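> Following the UniProt record's numbering, the numbering of the sequence shown begins with 1 at its first residue and continues without gaps. Quick reminder that beta carbons are idealized off the backbone N, C-alpha and C, glycines included. Keep in mind it's a predicted model, so treat the numbers as computed, not measured. Below is the structure I would like to discuss, written out as structure tokens.
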Amino acid sequence: DMRGILCEPCLGRESGTMLRDGLANPFGATALWPPLDDDGVPRPLLVATLVVVATVVARLFYFGTHRDPGSEIRAKKNATLAAQMTVVLADQQSRFTLEKEQVEQLLEMDPDKPRNFEAKDDLTVKLDLRLVPDIGTSHKFTREAGLQMVETQVKGRTLTTVISSDGSMTAVNTTEELERCIAQREDSNYPLTFVLRSTPPEAQRLYDLLVDDIYDVVVTQLGVPETGPYFAAMRDLFTDRVNIELRDCAQKLLHARGMAHDDVLPADELEHLPRHHSGEKLQEIIKLAEKAEKKFPGVVDAASLRQARDVSHRVGARQRSGIMRLVRLAGPSLPFWFVSVMLHGALECVVAKLCTGQTNIMDLLGTGKIDVSDAQILIAQWWLGWAVISVFGWFTSSLFQNRAMRTFGHKVKSEAMRAILRQDFEFFDKHPSGQLQERLNRDAEKLNTHLLEIPRILCTELTAIIANAYIVYSMAPVDMFLAGVLPLPFISVGQYIVMHVSGKSHKITRRLGEEAAASTGQVLSEIKTVREFAMEDEEAERFSHTTCTQAAIDETCLTRAGFSGHGMRLLHLLGEALTLSMGAEKVYNGDMRAGELVAIMMMLSCMIGGKLRGVFDRILDLASVLEPVGRICDLLDSDPKIEPRFGEHLVTVKDAEQLASVISTLSETGHTVRALSIPSDDDVEVPSNRKFLGCVSALGVSFRWTSVAELRRLAQGLLATSYPVQLRFSRKLVPATITGRFDFEDVEFRYPSDPRKQVLSGVSFNVEPGQQVALVGHAGCGKTSIFKLVQRLYDPSAGRVLLDGVPLVDYDVQHLRRKIAIVAQENVLFAASILDNICYGLPPGSFNEDDVRLALRQASALDFVEAFPDKLQSRVGSRGLSLSGGQRQRVAIARAMIRKPNVLLLDEATSAMDAVNEKVVQAALDTLVRTTGASALTIAHRLTTVKDCDKILVIDEGRLVEQGTHRELLQLKVQRAPSRTKGMKGHVVSGYYREQWESMVGVTTWETRGDENSESAQSEVGACQTEIARLQVELADLRLHLQEKQSDVSSTSETDTTKCTAESDSN
């Protein structure tokens, strides 16, 4: 036993001492210290003292009955929690009893054009309506909670069933079915019960209500009664939702990845698939289910959780199948990484010796084996060894490691950014910008760290463990080596567990601090509001109470964390004590020097035990790298449908004859006039109307296209001795000229992010070259969607869009967009100079400052630009906010002018301006249309701005309902459908444009009366002109009379004169 081990070497010592020959105890000798007396027995007085201290400490800090300082705050939080649970449970009620008048509020005047519901086949209520739920048929969770029902907002709920008073039920899916259902009901069938299904709460929200987010414990441990109706009902609801979400997320992930083969997903669920494509939603619900199973054993269905994990693993394996692409990206950085690892690992063997060097030197000096001069040399060697390792070892290794990480990080971020930018527009509809930023920054950085830094640390740590273990093995006997090494893994695991427990306490303290800081920050940032309501004293008192509570809770957490920390320290010392106790006898017997024992103890405890703990931590961190690897690989491997996926056509010519043959097919603009006789390198024919982009010589020198003459000169000069030469041609159609004729042929369109809603239906029209066409209609009718199809941000769901008789899909999409200019209501300017913003997107060398000034002059913008101190180099700030709205619009118009577009899109360019700016900008827009000669499509809600257009297209609910000139459309009579509600007009079925024009103007003008009444209209105009002439004569007479009167009156009559002047002006 321990007593025997410690005392056996000391047999024969004098009574009252621990050491031989009367040497003093190195730990001192008092009634209280050291803890064991000379015989190895605990000192009674110390034991009694420790019992008293432990009792006082436990009473004060751990098991006391003092009042919880946070009880008042806890009570308020529990009351808020109960209110939140009430709202959630009440929202589960889906049945509402409606009287006949309330039912008529929900009925549509025209079922084909719903106003109260989202769409004809989507009975989601969009009418702002509040109803009282039916308590008698409450949802089971609501019934269990015994809630009293109040008015509930039904907007956003979906109507599924209508129940008559006799109990008959009718399922409804469309507005027409609802119309038929209500028409069949007699007055005796009322009241009706409408089943309005609400969106169920997410499991995460329910979990947050059931588990305290700060203490990470079930709320019943903080005062919420476990047997109360709210908690039990919420727990049952959470049980349902977490299992449903496990199954739904797994199913939707398989569908989103194209891995589902048997089951069919309902149509209303298709719009949610993009959110599940990355697999993060499933991973989140799996983590939530695992946490819930620990808090509420048995709530998670084991089969559902197992299936979700299996789907997550399958999808993750598919995502990581592209990891070789990451390996290729890491290729340039791997040599630096290997040098860093090899250098750092090789030094660990030397470091192991240097760490115990000072102890060995003192041991040799103490035993007389070396003198002081030898010791000085050894000390110099020891210090210089550390200097060499620090500067030429660790520092150099860090340089190579940093170079490897920077190279790999740059490659990953660049490729991720390139992959994001080449995605179709629907990709950005499905993925919020914040999520993409996270892919670009957090995932890329995490990948960089976990793939290079952690493996390097693991390699060096394992090398250090092996090196130190070998040194200990060579220094210590086998039995001592085994006895010292074998407990280390268990001690390291124990220390890891203690650190984990301590970390949870620190996390609670951090969350409390964040909550207190947020409250304080809100008060300080809104000090004006606090002062307006004279709440300074109350807020100060509240802060004082909060900080007092915070301090008490901090103390509780820190006492627990402190106990864990000291426990970890004791485990560490236990390992050293075991090594010391085993080595004491060997030192006493002369089998080992004291310095060797100290060195072994240090290496076992610090160099091996400490690094084992580090290895455990790094292995856990390394496991988390699989998530970002899968997401980054998924992003890099995604292929767009619209944006160019492939590069240019590459054609390799082997001699001058083949090059001359290619040159003969090029026009002066660099376009192929016929198909090339030489196939591309991927054995594809290069057809006509493909743009020659440049070439690369055999020496690797690149040349850009300038002209045919320059290409011939190169063929006879630099390229003559540099065969083979690789020529680059555009892969899709790049015509030399575009006339600007657009044709829409029976186009239908649905946004990929919401395929249930049809945005455009059967739209057909054409725009002739140079023609100005306006799109008008109510907000949300599909005008902007037509613009997006013209720019080919999306492709139609059905039908075709043609430019110059050629489908848009055949054009090179980037060339197409360079030929289109857009001026929107809110134009985006980058935080750069005016010159950079105007020339954004133009090829270098295709413009000069004179071109920019001309465009600014034509856009009525040159004057204010020249007034800036830096003129064209003036920076416009983020989003151009340093410019006024009118100035931004004119800069955008200049940007459109300098591009010399063939197609011009004007989207409400003047709608948000005052009268003065609108007049200036409208003049600039007219100049833009007239100067460029482009085909112009204009969106406007102010019909007065488009009445002079060559053609006006009227869009209503995604359909083209009318087209013609302003005069032609005003001749159409306004016809409405019969109204079903007294006092309300029916919807328009004909004369849409005229109805909008009259609504805007406010009166019926002579233009809208028809040509048959033009004579009477003109006679009315003549009568008005005669009346105006008479009033002008009368006004002249009044002014003459005023002048005569002023000559007779005195200075005291100035007031009367002023009054007469006002009257005459009024007349």
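Starting from Thr529 and walking both ways along the alpha helix (DSSP H), at which residues does that stretch end?
On the sequence shown, residue 529 is found 529 positions in, with the first residue counted as 1. That run of the alpha helix (DSSP H) goes 527-532.
> Among Val52, Leu210, Tyr190, Glu995, which one has its Cα closest to the Cα of Met85?
Within the sequence shown, numbered from 1, the residue matching residue 85 stands at position 85. Of Val52, Leu210, Tyr190, Glu995, the residue nearest in Cα terms is Leu210.
> Can you name, in chain order, every residue of its own chain whose Cβ lies under 6 Å from the Cβ of Arg800, other than the five neighbours on each side?
In the sequence shown, counting from the first residue as 1, residue 800 sits at position 800. Shown here for Arg800: same chain residues with a beta carbon closer than 6 Å to its own, the five before and five after excluded, namely Glu745, Pro807 in chain order.
> Out of Val224, Lys281, Glu226, which has the shortest C-alpha to C-alpha gap to Lys252?
Residue numbering aside, residue 252 sits at position 252 when the sequence shown is read from its first letter. For the set Val224, Lys281, Glu226, the Cα lying nearest the Cα of Lys252 is the one of Lys281.
> I need the DSSP call for Ser882, collapsed to helix, strand or coil.
In the sequence shown, the residue the question calls residue 882 occupies position 882. Here Ser882 sits in coil by DSSP.
> Thinking C-alpha only, which one of Asp121, Phe117, Val350 is nearest Leu129?
Residue numbering aside, residue 129 sits at position 129 when the sequence shown is read from its first letter. Of Asp121, Phe117, Val350, the residue nearest in Cα terms is Phe117.
> Closest to Ser878 by CA distance: which of Met1000, Gln184, Pro869, Arg888 is it?
To locate residue 878, count along the sequence shown from 1; it is residue 878. Among Met1000, Gln184, Pro869, Arg888, the Cα nearest to that of Ser878 is on Arg888.
> Which of the three DSSP states, helix, strand or coil, is assigned to His671?
Locating residue 671 in the sequence shown gives position 671, where the first residue counts as 1. If DSSP states are grouped into helix, strand and coil, His671 belongs with the strands.
> Going by CA-CA distance only, name the one from Gly841, Gly805, Ala832, Phe830 that's closest to Ile820.
Position 820 of the sequence shown, counting from 1, holds the residue named residue 820. Among Gly841, Gly805, Ala832, Phe830, the Cα nearest to that of Ile820 belongs to Gly841.
> What are the boundary residues of the beta strand (DSSP E) that includes Lys120?
In the sequence shown, counting from the first residue as 1, residue 120 sits at position 120. Lys120 -> no beta strand (DSSP E), and no H or E assigned at all.
> Return the CA-CA distance between Arg403 and Val653, expressed in angstroms with no decimal places.
The residue labelled residue 403 in the question sits at position 403 within the sequence shown. The residue labelled residue 653 in the question sits at position 653 within the sequence shown. Roughly 40 Å separates the two Cα atoms.
> For Arg205 versus Phe296, is the C-beta spacing smaller than 9 Å?
Counting from one through the sequence shown, the residue named residue 205 turns up at place 205. Counting from one through the sequence shown, the residue named residue 296 turns up at place 296. No. Outside cutoff.
> Sorted by chain position, which residues of the same chain lie with C-beta nearer than 8 Å to Ala861's C-beta, five sequence neighbours on each side aside?
Indexing the sequence shown from 1 puts residue 861 at position 861. Gln887, Arg890, Val891, Ile893, Ala894, Ala924, listed in sequence order.
> Tell me which same chain residues have a C-beta within less than 6 Å of the C-beta of Thr137, skipping the five on either side of it?
What you label residue 137 is simply residue 137 of the sequence shown in a count that begins at 1. Any reading at Thr137 needs caution, since the residue's pLDDT is 46, under 50, leaving its predicted position unreliable; the model's value is listed next. Answer for Thr137: Arg95, listed in chain order.
> What span of residues does the alpha helix (DSSP H) with Asn448 cover, start to end?
Sequence index remark: in the sequence shown, residue 448 carries index 448 (1-based). According to the DSSP assignment, Asn448 belongs to the alpha helix (DSSP H) that extends over 444-448.
> Count the other CB atoms, across all protein chains shown, that sit within 10 Å of the CB of Phe490; report buried if there are 16 or more and exposed otherwise.
If you number the sequence shown from 1, residue 490 lands on position 490. With fewer than 16 Cβ atoms within 10 Å of its Cβ, Phe490 is classed as exposed.
> Within its chain, find whatever has a CB closer than 8 Å to the CB of Glu836; leave out the 5 residues flanking it on each side and keep chain order.
Locating residue 836 in the sequence shown gives position 836, where the first residue counts as 1. According to the sequence shown, residue 836 is Asp rather than Glu. For Asp836, where only same-chain residues beyond five positions count, the Cβ hits under 8 Å are Phe830.
> Would the beta-carbon of Gly357 fall within 9 Å of that of Trp394?
Within the sequence shown, numbered from 1, the residue matching residue 357 stands at position 357. Within the sequence shown, numbered from 1, the residue matching residue 394 stands at position 394. No; because the gap between Cβ atoms is not below 9 Å, this pair is not in contact.
> On a Cα-Cα basis, can you pick out the residue from Met480, Glu415, Val350, Asn173 that is closest to Asn468?
As a working mapping, residue 468 is identified with position 468 in the sequence shown. Closest by alpha carbon: Val350.
> Roughly how many angstroms lie between the CA atoms of Pro111 and Gly156, to the nearest whole one?
On the sequence shown, position 111 is the one that residue 111 refers to. On the sequence shown, position 156 is the one that residue 156 refers to. So the alpha carbons of these two residues sit roughly 19 Å apart.
> Helix, strand or coil: which one does DSSP assign to Tyr794?
Position 794 of the sequence shown, counted from the start, is the residue given in the question as residue 794. Three-state result, Tyr794: coil.
> Taking the C-alpha atoms as reference points, what is the distance between Glu583 and Met480?
Here residue 583 refers to the residue found at position 583 when the sequence shown is read from its first residue. Here residue 480 refers to the residue found at position 480 when the sequence shown is read from its first residue. Looking at the sequence provided, one finds Gly at residue 583 rather than Glu. Between Gly583 and Met480, the C-alpha separation is close to 7 Å.
> Does Gln153 come out as helix, strand or coil in the three-state DSSP assignment?
Position 153 of the sequence shown, counting from 1, holds the residue named residue 153. In the structure shown, Gln153 sits in a strand (DSSP, three-state: E or B).
> Using three-state DSSP, classify Pro844 as helix, strand or coil.
Within the sequence shown, residue 844 is the residue found at index 844, counting from 1. In this structure, Pro844 counts as coil in the three-state DSSP scheme.
> Which value, in whole angstroms, describes the spacing of the CA atoms of Gly345 and Ser638?
Taking the first residue of the sequence shown as position 1, residue 345 is located at position 345. Taking the first residue of the sequence shown as position 1, residue 638 is located at position 638. In a straight line, the C-alpha of Gly345 is about 39 Å away from that of Ser638.
> What's the C-alpha gap between Lys294 and Asp121?
Numbered from its first residue, the sequence shown carries residue 294 at position 294. Numbered from its first residue, the sequence shown carries residue 121 at position 121. Roughly 43 Å between the two C-alpha positions.
> Kindly indicate which residue of Ala977, Cys548, Glu348, Thr944 has the alpha-carbon position closest to the one of Ser390.
Taking the first residue of the sequence shown as 1, we reach residue 390 at position 390. Nearest of Ala977, Cys548, Glu348, Thr944 to Ser390, Cα basis: Glu348.
> For Pro724, which residues in the same chain have their Cβ closer than 7 Å to its Cβ, ignoring the five residues on either side in sequence?
As a working note, residue 724 is residue 724 in the sequence shown. Only Thr652, Val653, Lys654, Ala698 meet the Cβ criterion.
> Mark Val684 as exposed unless 16 or more other C-beta atoms lie within 10 angstroms of its C-beta, in which case mark it buried.
As a first step, residue 684 must be located in the sequence shown, where it is residue number 684. It counts as exposed.
> Check for me: the alpha helix (DSSP H) holding Ile465 runs from which residue to which?
Indexing the sequence shown from 1 puts residue 465 at position 465. 454-475 is the span of the alpha helix (DSSP H), which, as asked, contains Ile465.
> For the candidate residues Leu50, Arg899, Arg542, Leu803, whose alpha-carbon lies nearest to that of Phe847?
Residue numbering aside, residue 847 sits at position 847 when the sequence shown is read from its first letter. Measuring C-alpha to C-alpha distances from Phe847 to each of Leu50, Arg899, Arg542, Leu803 identifies Arg899 as the nearest.
> Between which two residues does the beta strand (DSSP E) containing Asp743 stretch?
Here residue 743 is taken as the residue at index 743 of the sequence shown, counted from 1. Its beta strand (DSSP E) spans residues 742-749.
> Just the C-alpha distance for Lys140 and Ala233, rounded to the nearest angstrom, thanks.
One-based indexing of the sequence shown puts residue 140 at position 140. One-based indexing of the sequence shown puts residue 233 at position 233. Legend: pLDDT at Lys140 = 48, less than 50; position of this residue unreliable, value from coordinates given subsequently. Answer to the nearest angstrom: the Cα atoms are 8 Å apart.
> Would you please state the rounded distance, in angstroms, between the beta carbons of Val961 and Ile952? I believe it to be under 8 Å.
Looking up residue 961 in the sequence shown gives position 961. Looking up residue 952 in the sequence shown gives position 952. About 12 Å; that fails the 8 Å criterion.
> For Ser697, name the three-state secondary structure that DSSP assigns.
Here residue 697 refers to the residue found at position 697 of the sequence shown. Here Ser697 sits in coil by DSSP.
> I believe Asp812 touches Leu733 by the beta-carbon criterion, under 8 Å. Please report the beta-carbon distance rounded to the nearest angstrom.
Start at 1 with the first residue of the sequence shown, and residue 812 comes out as number 812. Start at 1 with the first residue of the sequence shown, and residue 733 comes out as number 733. About 6 Å separates the two Cβ atoms, so the contact holds.
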